[in-house]
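Numbering (this note's numbering), first residue to last: 541 to 839.
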């Protein structure tokens, strides 16, 4: 449960990063670049009434400004404190946490940019955990006991990031394959014609699927095993009709040995024993943070 809560925090921070990009990087004309909005002063027109860029940014600041700025400060504080105490995290640790995240939540934003953001946020969170637990003492016996009691956490199965289009007839399935071969978007076709309501409104995205996942019939996993990345299957006969699968990514499973996850276990036990939230706030004073909202509160 502690680990799950931790990943909910990470998901929130990644969302805040997206808001940060919109708020701080949107310059005049970047949001809309043609027609009425070409000069960057207006961002919308509704029934003859305009919404200015200034109104938009003021609303963003009112809703998200304090939380977004706090997130930026936390990142800088963590980086400076990690440098001060010579704390680093390995790429192997980041890879393990990313694999956990993918299989735990069955979904991650697709594309290299989305995964890069997740990696950066995971690294930030691991650095923060190391900082918070740097003085904690956890015995070898405690760590080995934790490993034995939670072995399933360190045994990550093969997982397949799949999308699907489900149609009623073989004729519809063949027509869909034909359109895909002609360059049509898999996600667009899924939203347009898939009869599976669960995945259709997400462009057919099923997230990461494993053998242990009882949401799908075995034939789905069997087909995924033979599928190449960025390719789709021939129509697969199901009880509800015919499915076409598309493989975004395969995540190779791995069983991690105690030595490989020893640091993660030490951090987890220490955080549970300390009972403190995973936050950079305790280091603000040490790094001399002075910020806009703090000044406002003082007034």
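Every residue gets a Cβ at the ideal spot worked out from N, C-alpha and C, and that includes glycine. Just so you know, these numbers come straight off a predicted model, no measurement behind them.
Whole-Å CB distance - residue i paired with residue j, under 8 Å assumed
i: residue 772; j: residue 785; result: 6 Å
i: residue 593; j: residue 600; result: The Cβ separation is near 10 Å, so there is no contact.
i: residue 809; j: residue 686; result: 6 Å
i: residue 806; j: residue 678; result: 5 Å
i: residue 750; j: residue 617; result: Going by Cβ atoms, the distance from residue 750 to residue 617 rounds to 37 Å, so no, they are not a contact pair.
i: residue 674; j: residue 717; result: No, residue 674 and residue 717 are not in contact; Cβ-Cβ is about 56 Å, not under 8 Å.
i: residue 606; j: residue 833; result: 5 Å
i: residue 694; j: residue 796; result: 4 Å
With 16 other Cβ atoms within 10 Å as the buried cut-off, status of residue i
i: residue 748; result: buried
i: residue 669; result: buried
i: residue 726; result: buried
i: residue 567; result: With a pLDDT of 49 at residue 567, under the threshold of 50, the modelled position of that residue is not reliable, and the figure given next carries that caveat. Exposed, because fewer than 16 other Cβ atoms sit within 10 Å of the Cβ of residue 567.
i: residue 545; result: Bear in mind that a pLDDT of 46 at residue 545, under 50, signals an unreliable position, so the model cannot answer this.
i: residue 598; result: exposed
i: residue 775; result: buried
i: residue 589; result: exposed
i: residue 661; result: buried
i: residue 591; result: exposed
i: residue 683; result: buried
i: residue 843; result: Absent from the structure is residue 843, since the part of the chain shown begins at 541 and ends at 839.
i: residue 816; result: exposed
i: residue 777; result: exposed
i: residue 737; result: exposed
Beta bridge counterpart(s) of residue i as assigned by DSSP
i: residue 706; result: 783
i: residue 592; result: 582
i: residue 833; result: Looking at the DSSP assignment, residue 833 forms no beta bridge with any residue, so it has no partner.
Pair within 8 Å by beta-carbon distance, residue i and residue j
i: residue 622; j: residue 671; result: yes
i: residue 700; j: residue 764; result: yes
i: residue 734; j: residue 705; result: yes
i: residue 782; j: residue 707; result: yes
i: residue 793; j: residue 698; result: yes
*Take every Cβ of the region 735-744, pair it with every Cβ of the region 657-669, and state whether three or more of those distances are shorter than 8 Å.*
no
*Per the contact definition of three or more C-beta pairs closer than 8 Å, is the region 815-835 in contact with the region 603-620?*
yes
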